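A quick write-up on the structure given underneath.
Written out as structure tokens, the structure reads:
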């Protein structure tokens, strides 16, 4: 598979995601919102290295590119599993944020679901934010 | 048997490497592998030289994969070159649109080298 990473689910704690790498893919159409993956630079580099078959992903742009592509695959697989969503919801190309000191503000009310995971001791959050 | 010349069109450099690796793991004897980061760059590469196989992402900035495919259809030098589309979306409508526009197959991310072999090898019979 693309990464072959086994991520271990963590208990829901209500803790806000942290980490200085965030990849996001927007959704528009029958469902509007976004899917994000947030983790530390170290975790992002490990995931990128896995995707590159063990080759160290040293360049920050390569690490960001890999995290964006992972987010793209998560978003694509999410919408393909929801009935009628596949053909009625478009995905944006991925965007990656470097740095952790930011706050996302939506222009309309949203609901959010966060899934905390662990990969090689590093926390990784996958979040779905949907506009109501 | 000669080596095949491949064009990989994807806005993600990591994905382009993964596609190339998957083609090699699928047992294809690759010659020159060229890359383009969007449909417009892909068209420019096609006009510069002949390919045996083109793999293209659908969702890309500048010129997406479907637009690339439609433009390819108008190029004499691209006639008969099999194009395989790569998508994450699972949208039947977009896959049908791609196949109607001339794509010979599609791969859904994430894919395995076995799936690449299954989809791509039959398309190369005439090329080798």
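Chains as they are written, first to last, in my numbering: chain A, 1 to 132; chain B, 1001 to 1128.
We put the CB at the ideal spot given by N, CA and C, even for glycine.
Keep in mind that this is a model prediction, so the values were computed, not measured.
Length of the line joining the Cα atoms of residue i and residue j
i                       : j                       : result
residue 1116 of chain B : residue 1033 of chain B : 16 Å
residue 104 of chain A  : residue 116 of chain A  : 18 Å
residue 43 of chain A   : residue 125 of chain A  : 11 Å
residue 17 of chain A   : residue 45 of chain A   : 18 Å
residue 15 of chain A   : residue 1010 of chain B : 36 Å
residue 127 of chain A  : residue 90 of chain A   : 18 Å
residue 1081 of chain B : residue 1069 of chain B : 11 Å
residue 7 of chain A    : residue 69 of chain A   : 17 Å
residue 94 of chain A   : residue 120 of chain A  : 24 Å
residue 1088 of chain B : residue 114 of chain A  : 21 Å
residue 1071 of chain B : residue 1059 of chain B : 16 Å
residue 1 of chain A    : residue 62 of chain A   : Residue placement at residue 1 of chain A is flagged as unreliable, the pLDDT there being 43, under the threshold of 50; the coordinate-derived value follows with that caveat. Those two C-alpha atoms are separated by around 19 Å.
residue 1012 of chain B : residue 109 of chain A  : 32 Å
residue 1036 of chain B : residue 59 of chain A   : 20 Å
residue 5 of chain A    : residue 1014 of chain B : 16 Å
Neighbouring residues, chain A, relative to residue i (Cβ below 8 Å)
i                       : result
residue 1017 of chain B : 52
residue 1021 of chain B : 53
Neighbouring residues, chain B, relative to residue i (Cβ below 7 Å)
i                     : result
residue 69 of chain A : 1012, 1014 and 1015
residue 87 of chain A : 1091, 1092 and 1093
Contact set between residue i and chain A, taken where Cβ atoms lie within less than 7 Å
i                       : result
residue 1133 of chain B : Nothing about residue 1133 of chain B can be read from this structure; chain B reaches only from 1001 to 1128.
CB-CB length for residue i against residue j, believed under 8 Å
i                       : j                       : result
residue 1105 of chain B : residue 1123 of chain B : 7 Å
residue 1196 of chain B : residue 1066 of chain B : Missing from the structure shown is residue 1196 of chain B; chain B here goes from 1001 to 1128 and no further.
Limits of the alpha helix (DSSP H) - the one that residue i falls within
i                       : result
residue 65 of chain A   : 60 to 80
residue 1031 of chain B : From DSSP, residue 1031 of chain B is part of no alpha helix (DSSP H) but of the beta strand (DSSP E) over 1030 to 1036.
residue 1058 of chain B : No alpha helix (DSSP H) contains residue 1058 of chain B, which DSSP labels as neither H nor E.
Under 9 Å by beta carbon: chain A residues contacting residue i
i                       : result
residue 1079 of chain B : Near residue 1079 of chain B there are no residues of chain A at all, since even the closest Cβ is about 30 Å away, more than 9 Å.
Under 9 Å from the C-beta of residue i: neighbouring residues of chain B
i                     : result
residue 80 of chain A : 1088, 1089, 1090, 1091 and 1108
Residue i: first and last residue of the uninterrupted beta strand (DSSP E) it sits in
i                      : result
residue 33 of chain A  : 33 to 39
residue 118 of chain A : 110 to 119
contact_flag[the region 75 to 82 of chain A, the region 1037 to 1053 of chain B] where n(CB pairs < 8 Å) is 3 or more: No: the two stretches stay apart, fewer than three of their Cβ pairs being nearer than 8 Å.
Give me the subset of the region 1084 to 1100 of chain B whose CB atoms are less than 9 Å from a CB atom of chain C, sorted by chain position. Here the protein chains are A and B, and chain C is not one of them.
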